[in-house]
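Chemist:
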Amino acid sequence: MPAKSLEAHVRQQPRVAIVDLEGEIDSFAEDALNAAYAEAESRDSHVILLNFSKVDYINSTGIALIVGLLARARKSKRRLLACGLSDHYVEIFQITRLVDFMSVFPDETSALADGSKPIS
Amino acid sequence: MQTVMELVLMATPLQRLRLTRTGRTRYESQMIQMQSADRAHQLMPAPIDIVPNDPIVAYFLSAPGAVEVDKLYLDSPALQALKAAGVKIAVPLVSQGELVGLLNLGPRLSEQDYSTDDRGLLNTLATQSAPAVRVAQLVRDQQTQARANERIQHELRVAQLIQKTLLPKDLPALPGWQVNAYYQAARQVGGDFYDFIYFDDGRLGLVIGDVTDKGVPAALLMATTRSVLRAIAQRLVAPGQVLERVNEVLYPDIPPKMFVTCLYALLDPDSGQLQFANAGHDLPYHRHTTGEVTELRATGMPLGLMPGMHYEEKQVWLAPGEIILFHSDGIVEAHNEHREMFGFPRLMRLVGEHEDGKTLKEFVLDDLAAFTGADWEQEDDITMVTLQRSEGYGVTEVASRSTTRSNEADGNNGNDWRTLAEFTLASEPGNERQALARVAEAVRVLNLPTKRLEQLKTAVAEATMNAMEHGNHYQPEKPVSIKVLASHKALSVRVTDHGGTRTLSAQPDIEAPDLEAKLAELQTPRGWGLFLIKNMVDEMHISNDASHHTVELIVYLEGESHASEKS
Chain L
40 MPAKSLEAHV
50 RQQPRVAIVD
60 LEGEIDSFAE
70 DALNAAYAEA
80 ESRDSHVILL
90 NFSKVDYINS
100 TGIALIVGLL
110 ARARKSKRRL
120 LACGLSDHYV
130 EIFQITRLVD
140 FMSVFPDETS
150 ALADGSKPIS
Chain W
6 MQTVMELVLM
16 ATPLQRLRLT
26 RTGRTRYESQ
36 MIQMQSADRA
46 HQLMPAPIDI
56 VPNDPIVAYF
66 LSAPGAVEVD
76 KLYLDSPALQ
86 ALKAAGVKIA
96 VPLVSQGELV
106 GLLNLGPRLS
116 EQDYSTDDRG
126 LLNTLATQSA
136 PAVRVAQLVR
146 DQQTQARANE
156 RIQHELRVAQ
166 LIQKTLLPKD
176 LPALPGWQVN
186 AYYQAARQVG
196 GDFYDFIYFD
206 DGRLGLVIGD
216 VTDKGVPAAL
226 LMATTRSVLR
236 AIAQRLVAPG
246 QVLERVNEVL
256 YPDIPPKMFV
266 TCLYALLDPD
276 SGQLQFANAG
286 HDLPYHRHTT
296 GEVTELRATG
306 MPLGLMPGMH
316 YEEKQVWLAP
326 GEIILFHSDG
336 IVEAHNEHRE
346 MFGFPRLMRL
356 VGEHEDGKTL
366 KEFVLDDLAA
376 FTGADWEQED
386 DITMVTLQRS
396 EGYGVTEVAS
406 RSTTRSNEAD
416 GNNGNDWRTL
426 AEFTLASEPG
436 NERQALARVA
446 EAVRVLNLPT
456 KRLEQLKTAV
466 AEATMNAMEH
476 GNHYQPEKPV
486 SIKVLASHKA
496 LSVRVTDHGG
506 TRTLSAQPDI
516 EAPDLEAKLA
526 ELQTPRGWGL
536 FLIKNMVDEM
546 HISNDASHHT
556 VELIVYLEGE
566 SHASEKS
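So the sequences go chain by chain: L and W.
Going by the numbering used here, the first sequence opens with residue 40, and the numbers climb by one from there.
Going by the numbering used here, the second sequence opens with residue 6, and the numbers climb by one from there.
1) From which residue to which residue does the alpha helix (DSSP H) around residue 134/W run?
2) Any idea what DSSP makes of residue 573/W, helix, strand or coil?
3) Counting along the chain, where does the beta strand (DSSP E) carrying residue 196/W start and finish?
4) Counting contacts by CB-CB distance shorter than 9 Å, is residue 123/L in contact with chain W?
5) Could you check whether the Cβ of residue 303/W sits closer than 9 Å to any Cβ belonging to chain L?
6) Along the chain, where does the alpha helix (DSSP H) containing residue 237/W start, and where does it finish?
7) List, in chain order, every chain W residue whose beta-carbon is nearer than 9 Å to that of residue 85/L.
8) In its own chain, which residues sit with a C-beta less than 6 Å from the C-beta of residue 509/W, not counting the 5 before and 5 after it?
9) At the level of alpha carbons, what is the spacing between residue 165/W and residue 199/W?
10) Would the beta-carbon of residue 468/W fall within 9 Å of that of residue 438/W?
11) Which one or two residues does DSSP pair with residue 388/W in a beta bridge?
12) Less than 9 Å separating the beta-carbons of residue 340/W and residue 377/W?
13) DSSP on residue 56/W, reduced to helix/strand/coil?
14) Can you list the residues of chain L that residue 540/W reaches, using a CB-CB cut of under 7 Å?
15) Check residue 27/W in the structure and name its three-state DSSP category.
16) Using a Cβ-Cβ cut-off of less than 8 Å, list which residues of the region 421–439 of chain W approach chain L; keep chain order.
17) Identify the continuous alpha helix (DSSP H) that holds residue 215/W and give its terminal residues.
18) Evaluate residue 152/L with the Cβ neighbour count: other Cβ atoms within 10 Å of its Cβ, from every protein chain shown; 16 or more gives buried, anything less gives exposed.
19) Bridge partners of residue 52/L, per DSSP?
20) From which residue to which residue does the beta strand (DSSP E) around residue 81/L run?
21) Examine chain W for any beta-carbon lying closer than 9 Å to the beta-carbon of residue 40/L, and answer yes or no.
22) Bridge partners for residue 290/W per DSSP, in chain order?
23) Give me the DSSP bridge partner(s) of residue 182/W.
24) Does the region 49–64 of chain L come close enough to the region 77–84 of chain L to have 3 or more Cβ pairs within less than 8 Å?
25) At a Cβ cut of 9 Å, what residues of the region 61–72 of chain L count as close to chain W, listed as they run along the chain?
26) Less than 9 Å separating the beta-carbons of residue 558/W and residue 485/W?
27) Identify every residue that forms a DSSP beta bridge with residue 127/L.
28) Looking at the structure shown, is residue 346/W part of a helix, part of a strand, or coil, going by DSSP?
29) Go to residue 97/W, then tell me how far its beta strand (DSSP E) extends in each direction, as first and last residue.
30) Which complete beta strand (DSSP E) runs does the region 493–565 of chain W hold, if anything under 3 residues is left out?
31) Measuring straight from C-alpha to C-alpha, what distance separates residue 98/L and residue 478/W?
32) What are the residues that DSSP puts in a beta bridge with residue 486/W?
33) What does the Cβ neighbour count give for residue 183/W, buried or exposed, with the cut at 16 atoms within 10 Å?
34) Check the Cβ-Cβ distances between residue 349/W and every residue of chain L, and say whether any is below 9 Å.
35) Just the Cα atoms here: how many angstroms apart are residue 333/W and residue 300/W?
36) Are there 16 or more other CB atoms within 10 angstroms of the CB of residue 293/W, so buried, or fewer, so exposed?
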């Protein structure tokens, strides 16, 4: 297994910092994911969108990492969104109730449409 | 065996001397004492043993006729004894070069010396009577032997009858389990026994034991032990306590130098749990899903040796496909023509090598026959009891449905599980990806819907991660074994690690993690593995023993799937 299985890059859109994820979200992904999230936070966006469209594997450690990000976002009063999850991982986000705390969108466009709205 | 020759020459009281021959046969000669009855009665010293290497034996064999004892000087304890007993003349009775007796004569009543005529008469008598004495001895030997044989045969029949009456006539019929038993008495029936005890709640007690000694005494003690154990097992249940109590009851009545080795196990057919305690019996062998064979070890003294004994109680869980062999020492202590012993390692190896086709019992017996050769006379009783959890058990409903189908399809002992893949992985972070890839490849033939396949992959990955992390602590030399099986109705993936000491119930009640607490950072964000697995498959079963831990994932192949409904 490669030591680094996740690539994460931040793209800034109006009001939304997008974290493009590519690869696998497991224990090897921790550093890359946290670093990208920290970078997104630094853009001073109130909305951070995790783009999972190029993620092919998330395991329970990955879920724990996402839970960690969600906790950080809640602490700093940011909205965390997700898009591009496969049907299987949407199901997992439902089972784990992550969907109760982060909005999940089928694609980037729908996520941006929602995330760009001013916070009510 | 003692043969008595009575040779009456005259109506005079007799003093008996014993002559010991070569250690094989002992017989007595008689001294005819030519004295008054009254005096003779006063002369009744203890019988004298003549040991085979006493020089007097060689002397008598070479002596030409009657020997004057007083004139004989030999360093012979028997001669001293003859002299002390007042013997004056000893006439050897020799037949075919063997000393078969002595005519011993005391002093003549007339107090005169024995004349030449007397001695001539005695010699003639000895020559003529020796063959007759020998024949009489042989006849007596034979009669005694025949009586002894008859008594032994009768005892054997009684012992066999007791054994036959008390061994179970039927095998337990437990859905999802196969129980087999074998008992073959040695010619001299040993004290082996086995028993099944049925409980109202569905549990099954298994007993295997061996009484020291053979024949009727062993059979009687076996019968007693069986009855006592049956009575106490119904009352106390826990195997350790049962053996403790049985020992207390047996101890006062058990004859000295006799004892009983006995293993008592209690099976819960639903969970696969087997509790057991052992009173010094040979350790059963447990073959795991990984193919590894371990001993079921619990300490305890044989029954009836000492009061106040404590019996360690252990438990294992049998995963589907796993088997336990209970056995007695008749197998491992069998010898071949080179006097080599069959031994425990060979039996243990057989349990590991056994494959489907023959029963384990047949497999062991065939190997034993090959080892001992055709002319082997069985040295001791041979007893085996095997307990196997059927493949696919744990999915009670599925198992029973597939039983019907498999009988029609291939008649393979009531189940139709076939192995799709079996492999091991080193416990290294990230290797769960290999597990899911290989399982996905193995189940491709089943054409699972995408959703079900993805669910299975996640469940396999999570189970493998748990096995590598919690079972094997990421020690690469400890592999995770994965077996993929399919029946017509269901798919089973078994993930086994080396962390058998973890205590988990077979049907874990896994609650949903508290996400709010995790988000509030009151709990670790981790801890999703088992919860995910449970929601990805239709059934999950966990079993473990002293050294292994197995998680079995079941996915139904047709009908309603509760995993898919959850989402």
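All C-beta atoms, glycine included, are put in the ideal place defined by N, C-alpha and C.
Note that the coordinates shown come from a computational prediction; the quantities given were computed from them, not determined experimentally.
Modeler: Here's the rundown:
1) Translated into positions along the second sequence, residue 134/W becomes position 129. Note, residue 134/W: alpha helix (DSSP H), 121–171.
2) Chain W is shown only over 6 to 572; residue 573/W falls outside these bounds and no answer can be derived.
3) Within the second sequence, numbered from 1, the residue matching residue 196/W stands at position 191. Taken as a continuous stretch (DSSP letters only), the beta strand (DSSP E) holding residue 196/W covers 196–203.
4) For the purposes of this step, residue 123/L is taken as residue 84 along the first sequence, with counting starting at 1. It does not: the Cβ of residue 123/L has no partner Cβ on chain W nearer than 9 Å.
5) As a working note, residue 303/W is residue 298 in the second sequence. Judged by the 9 Å Cβ criterion, residue 303/W is not in contact with chain L.
6) Position 232 of the second sequence, counted from the start, is the residue given in the question as residue 237/W. Looking at the DSSP string, the run of the alpha helix (DSSP H) that includes residue 237/W is 220–241.
7) Within the first sequence, numbered from 1, the residue matching residue 85/L stands at position 46. Going along chain W, no residue has its Cβ under 9 Å from residue 85/L, so there is no contact; the nearest lies around 18 Å.
8) The residue you call residue 509/W lines up with position 504 of the second sequence. In this prediction, residue 509/W has a pLDDT of 49, which is less than 50 and means its spatial position is unreliable; what the coordinates show is noted afterwards. 547, listed in sequence order.
9) Translated into positions along the second sequence, residue 165/W becomes position 160. Translated into positions along the second sequence, residue 199/W becomes position 194. Approximately 14 Å between the Cα atoms of the pair.
10) The residue labelled residue 468/W in the question sits at position 463 within the second sequence. The residue labelled residue 438/W in the question sits at position 433 within the second sequence. No, these two residues do not count as a Cβ contact at 9 Å.
11) Residue numbering aside, residue 388/W sits at position 383 when the second sequence is read from its first letter. DSSP, once it has assigned bridges, lists 188/W as partnering residue 388/W.
12) As a working note, residue 340/W is residue 335 in the second sequence. As a working note, residue 377/W is residue 372 in the second sequence. Yes.
13) One-based indexing of the second sequence puts residue 56/W at position 51. Correct three-state label for residue 56/W: coil.
14) Within the second sequence, the letter at position 535 stands for residue 540/W. What residue 540/W touches in chain L: 134.
15) In the second sequence, the residue the question calls residue 27/W occupies position 22. Interpretation of residue 27/W is limited by its pLDDT of 35, a score under 50 that renders its predicted location unreliable; no figure is taken from the coordinates.
16) 433, 434, 435, 436, 437, 438
17) If you number the second sequence from 1, residue 215/W lands on position 210. Not the alpha helix (DSSP H): residue 215/W falls in the beta strand (DSSP E), residues 209–216.
18) Mapped onto the first sequence, residue 152/L falls at position 113. Residue 152/L comes out exposed.
19) Taking the first residue of the first sequence as 1, we reach residue 52/L at position 13. Note: residue 52/L sits in a beta bridge opposite 55/L.
20) For this step, residue 81/L is matched to residue 42 along the first sequence. Looking at the DSSP string, residue 81/L is not in any beta strand (DSSP E); the run it does join, the alpha helix (DSSP H), is 69–81.
21) The residue given as residue 40/L occupies position 1 in the first sequence. In this prediction, residue 40/L scores a pLDDT of 43, lower than 50, which makes its location untrustworthy; no coordinate-derived value is stated.
22) Here residue 290/W refers to the residue found at position 285 when the second sequence is read from its first residue. DSSP, once it has assigned bridges, lists 300/W, 330/W as partnering residue 290/W.
23) What you label residue 182/W is simply residue 177 of the second sequence in a count that begins at 1. In DSSP, residue 182/W forms a bridge with 394/W.
24) yes
25) 63, 65, 66, 67
26) Mapped onto the second sequence, residue 558/W falls at position 553. Mapped onto the second sequence, residue 485/W falls at position 480. Not in contact: residue 558/W and residue 485/W (Cβ atoms no closer than 9 Å).
27) Taking the first sequence and counting its residues from 1, the one referred to as residue 127/L is at position 88. Partner(s): none; residue 127/L has no beta bridge.
28) For the purposes of this step, residue 346/W is taken as the residue at position 341 of the second sequence. Reduced to three states, the DSSP call for residue 346/W is strand.
29) As a working mapping, residue 97/W is identified with position 92 in the second sequence. Segment 94–100, the beta strand (DSSP E) holding residue 97/W.
30) 495–502, 544–549, 554–561
31) To locate residue 98/L, count along the first sequence from 1; it is residue 59. To locate residue 478/W, count along the second sequence from 1; it is residue 473. When rounded, the distance between both Cα atoms is 18 Å.
32) As a working mapping, residue 486/W is identified with position 481 in the second sequence. Paired residue(s): 429/W, 501/W.
33) Numbered from 1 along the second sequence, position 178 holds the residue referred to as residue 183/W. Looking at its Cβ environment, which holds 16 or more other Cβ atoms inside 10 Å, residue 183/W is buried.
34) Sequence index remark: in the second sequence, residue 349/W carries index 344 (1-based). Output row for residue 349/W: interface = no.
35) Numbered from its first residue, the second sequence carries residue 333/W at position 328. Numbered from its first residue, the second sequence carries residue 300/W at position 295. So the two alpha carbons sit approximately 14 Å from each other.
36) On the second sequence, position 288 is the one that residue 293/W refers to. With 16 or more other Cβ atoms within 10 Å, it is buried.
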